[in-house]
Amino acid sequence: MAVREKEMGKDGYLPLFETKGAKGRIPYWLYAGSMFMGICLICIFRVSHIPAQGDFGRVAWIGMFMAELWFSFFWLITQSVRWNPIRRCTFKERLYQRYEKVLPSIDVFVCTADPQVEPPLMVINTVLSLMAYNYPPEKLNFYLSDDGGSDLMFYALLEASRFSAQWLPFCRKLKIEPRSPAAYFATACEPTDDPVMANEWSSIKKSYEELKRRIDGTMKLGRISDDLRKEHKGFREWDLVANRRDHQTILQILIDGRETKAVDVEGQPLPTLVYLAREKRPKFHHNFKAGALNALLRVSSRISDSPIVLTVDCDMYSNNSESVRNAMCFFMDEERGHEIGFVQYPQQFDNITKNDIYSSSLRVIMEVELPGLDSNGGPCYIGTGCFHRRDILCGKKYSKECKIDWNKENTDRKVQEGADMLEDTCRILASCTYEVNTKWGKEAVTAKTSEEDVSSRYEKEVMEFGAASPMSEDGDSKHAE
Ligand SMILES: O=c1ccn([C@@H]2O[C@H](COP(=O)(O)OP(=O)(O)O[C@H]3O[C@H](CO)[C@@H](O)[C@H](O)[C@H]3O)[C@@H](O)[C@H]2O)c(=O)[nH]1
Ligand SMILES: [Mn+2]
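Following full-length UniProt numbering, the numbering of the sequence shown begins with 1 at its first residue and continues without gaps.
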C-alpha cells in the first residue's frame, strides 16, 4: 500500500475524505496581489494629487476618490469567497471496506407542485435517476411530495414504480450514466459489441418509449381513464378531492421495500417508493416547498426514519450514481464526520446554449464562490441536491465526543406495521393543521414523531445547520492504495 504520509490522520488512520486547495489558487493570488497594489497606488495618487482648495475639479476629484474607495471595499470583501476555494475528495473504496454492511438508510424527498408546469414525465425521470443510485436498494426510501395533488402525477409515479423493476437492473448491469432514462436515451447509442446486451438495450428503450407514450396520452386526455383507475386502489382517493387547494392527505406506499415481493426482474430488492399529497385547505397557509419538506420529514420519520435525508427539486435529476456514496464518506468519517451537518452538490444545467451568453451555467458561483465559501464554514443550503443529517434538522448539536455507532443507528429505526396501516397512521402527520400554534415561520421549526405515539407532537426544535458544508468531488480514482 503506497499511501502518502499527509493523507493519514492520527495513528495511521485513513480518512474517508480529504480536503485540498482548488487548482489555480496561486495565479489568482498573484493576480489579486497585483490588483491590491494597483488599488493602493491609485489611493496614494488620489491623496497626493488632490487639487488645492478652490482649484478647479476638487469636488469631482474627491467624488471619484469616494467611488474608488467604495469599489475597493467591495473588491476586498469579495476576496473572502475567492481567496481560498477548496476541493473535497472522497475515498469510496475505504467506505466500502469498512462500512458496506452497515451503510445508513437514506430518505429521499422529491418535491413537485404542478403537473402542467412540471410535467410528470420529467418528475419520474428525476425519481428514476435517484432510484438507480449505486447503493443498497433496501436502504433507499423515496418520497414524492405532490403539492399539485394530481392523480396524473400519481399515475406517472405508478408507471415509474413498475418501470423501475427493469430500469434498476439495467443500470446496474450496463453501469450507465446518467440514470435518468430521458437524459440517457437522448445521447446514448446502442452497444453493438455484445448482441445480448444490444437486445436488452433495445428492449428497455422500447419499454421506456411505451411508458412515455402512455403518460403523454393520459396527459393529453387530462384525466385518468376508467380502465386505469381500476389498476390501483390509490386512485379512489381522488373521489374525495374537490380541487388542488382543498383536499385530504393522500398517502400511498407504491413500493414497500420491506416486502419480499418488492423485487426487480432479477430478484434484487426494490427501494421503497411513497406518494404524498399533504392535506390542503383554503383556510390554512401551505408554506410552499418548506411546508412540503416539513410534512415529508414527519411522514418519513414514521415510515423509514432514515438518519440521512436528501432533498431534490423535481426538475433536477442526479447525473452521478455515486452521489450517495460520496456523501456518506463525509458523514461516516470517524474523525471529522461530526463536524458535517450537510453535504450538497452544485447544480448544472442541461439546456444551455453553446456559448452560454447569459452565463446561465453560473460558473463563478458554482466553481469559485461555493468552494470559496466552503473554506469559510460552508455555503448555505441551496434547496436541492443536498444531504442532511435528520437529527441536525431537529436541532441536535454534534460535538467531538458525539461519536455515532452506525451499527446501532441502522437497526434502531425499523417499523413493524404493514403498508396499509402506515398509510392510515401517517395521514395526520401531513395534515394542514399540524403546524398551527407552533413556532413555524418565526423560527423554522420541524417536528419529529415518535414511534409510540403518532399523533403527539414531540421534540419541536429549531432548525439549524452544522458548521461545515463540503462539496464533494470524486477523487479516489487518482489515489494509489
Ligand atoms: O408550493 C410549492 C412550490 C414549489 N414546490 C417545489 O419547490 C421546488 C423549487 O421550486 P421552483 O419553482 O423550481 O424554484 P427554482 O427557482 O427553480 O428553485 C431554486 O430556488 C428555490 C428558492 O427560491 C429553492 O427552493 C430551490 O431549491 C432552488 O432550486 C420545485 O421542485 C417545486 O415543485 C413545492 O413543492 N411546493
Ligand atoms: Mn426549479
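In this text, a Cβ means the ideal position worked out from N, Cα and C, and glycines have one as well.
Item                                                                                                          : Value
Any non-hydrogen atom of ligand 2 within 7 Å of ASP147 CB                                                     : no
CYS189, buried or exposed, once every other Cβ within 10 Å from all chains shown has been counted against 16  : exposed
Cβ distance (whole Å) where GLU200 is taken to contact PHE170 below 8 Å                                       : 7 Å
Proximity of residue 529 and ILE26 at Cβ, strictly below 8 Å                                                  : Because the chain spans 1 through 481 in this model, residue 529 falls outside it and cannot be assessed.
C-alpha gap between VAL462 and SER306, whole angstroms                                                        : Reliability fails at VAL462, whose pLDDT of 27 lies under 50, so the model's placement of it is uncertain and no value is given.
Alpha carbon of PRO15 to alpha carbon of ILE106, nearest angstrom                                             : 22 Å
Proximity below 8 Å, CB of ASN319 to CB of PRO181                                                             : no
ASP315 (DSSP reduced to helix, strand or coil)                                                                : coil
Option in CYS402, ASN125, LYS230 with minimal Cα separation from THR112                                       : ASN125
Secondary structure of PRO230, DSSP reduced to three states                                                   : Reading off the sequence shown, one finds Lys at residue 230, where the question assumed Pro. Coil at LYS230, not helix or strand.
Top-ranked residue by Cα proximity to GLY234, from LEU221, MET66, GLN252                                      : GLN252
Residue range of the alpha helix (DSSP H) that includes ASN351                                                : From DSSP, ASN351 is part of no alpha helix (DSSP H); its letter is neither H nor E.
Environment of GLN344 [buried if 16+ CB atoms lie within 10 Å]                                                : buried
Supposed contact pair VAL108 and TRP406 - C-beta distance, whole angstroms, cut 8 Å                           : TRP406 to VAL108, Cβ: 19 Å. No contact.
For TYR184 and ILE176, the rounded distance between their alpha carbons                                       : 8 Å
Outcome for LEU297 when other beta-carbon atoms lying within 10 angstroms are tallied against a minimum of 16 : buried
Closer than 8 Å to chain D by CB, PRO307                                                                      : Of the protein chains in this structure there is only one, and it is not chain D.
Burial state of LEU221 (16 or more Cβ within 10 Å)                                                            : exposed
Proximity test, ASP350 beta-carbon vs ligand 2 heavy atom, cut-off 7 Å                                        : no
Environment of GLU18 [buried if 16+ CB atoms lie within 10 Å]                                                 : buried
Spatially closest choice to GLU159 from THR218, SER203, LEU76, GLY395, by CA coordinates                      : THR218
Per-residue DSSP class, three states only, for ALA52                                                          : coil
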